[in-house]
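What follows is a short report on a single structure.
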Amino acid sequence: KIRSSSKDGITVTLDFFDDILIPSTKLQHPSRFIEAEQTWAWQYETDDETHDLVMDIGEEIRFRVVQEIFEDTAPKEMPNNNGSITQTTNDDDKKVPYTIIGSISEPGLGLKSWWIETS
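Taking the working numbering, the leading residue of the sequence shown gets 246, the next gets one more, and so forth.
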């Protein structure tokens, strides 16, 4: 499901995992960010006109994983004044240990409501 949107792209949640980003460059083309609604819309073109297919928060979405990012979040060891080693963490440097980068820029990907289900 779509959790949030920003100019950078769409954040997706699987309910048990929230660190999934679909960057704006990996959305269906052409797409535009609607500032007033803080949401993205795929500008779907037909023979007659262009329709905005809005990607609202809470909508179910299909995406493809294109990258996994692992960050070492283990405490760093620093020598202190008496020569022993202490473990420190920097609260300003809180990193997400695992992030998935996704894409919806292919046929069949994007909101489930965009595509006809066939059995």
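Ideal placement from N, C-alpha and C gives every residue a C-beta, glycine not left out.
Nearest-angstrom Cα separation, counted from residue 299 out to residue 358 = Reading the sequence shown from its first residue, position 113 is the one you call residue 358. Reading the sequence shown from its first residue, position 54 is the one you call residue 299. Each residue's Cα considered, the two are about 11 Å apart.
Name the DSSP bridge partner or partners of residue 284?
-> Within the sequence shown, the letter at position 39 stands for residue 284. Answer is 279.
Short Cβ contact (8 Å threshold) for residue 309 with residue 269 | What you label residue 309 is simply residue 64 of the sequence shown in a count that begins at 1. What you label residue 269 is simply residue 24 of the sequence shown in a count that begins at 1. It is not a contact, given that the beta carbons lie outside the stated cut-off.
Would you mind sorting residue 291 into buried or exposed? The rule is 16 or more other CB atoms within 10 Å of its CB.
-> The residue labelled residue 291 in the question sits at position 46 within the sequence shown. Exposed.
Contacts around residue 355, its chain only, beta-carbon distance under 6 Å, and the 5 residues preceding and following it disregarded = One-based indexing of the sequence shown puts residue 355 at position 110. The answer, listed in chain order, is 273, 349.
Would you say residue 264 and residue 345 are within 8 Å of each other, going by their C-beta atoms?
-> Taking the sequence shown and counting its residues from 1, one reaches residue 264 at position 19. Taking the sequence shown and counting its residues from 1, one reaches residue 345 at position 100. Annotated as proximal: residue 264 and residue 345, with beta-carbon spacing under 8 Å.
Return the first residue and the last residue of the beta strand (DSSP E) that residue 265 is part of.
-> Here residue 265 corresponds to residue number 20 of the sequence shown, with the count starting at 1. From DSSP, the beta strand (DSSP E) with residue 265 extends over 265–268.
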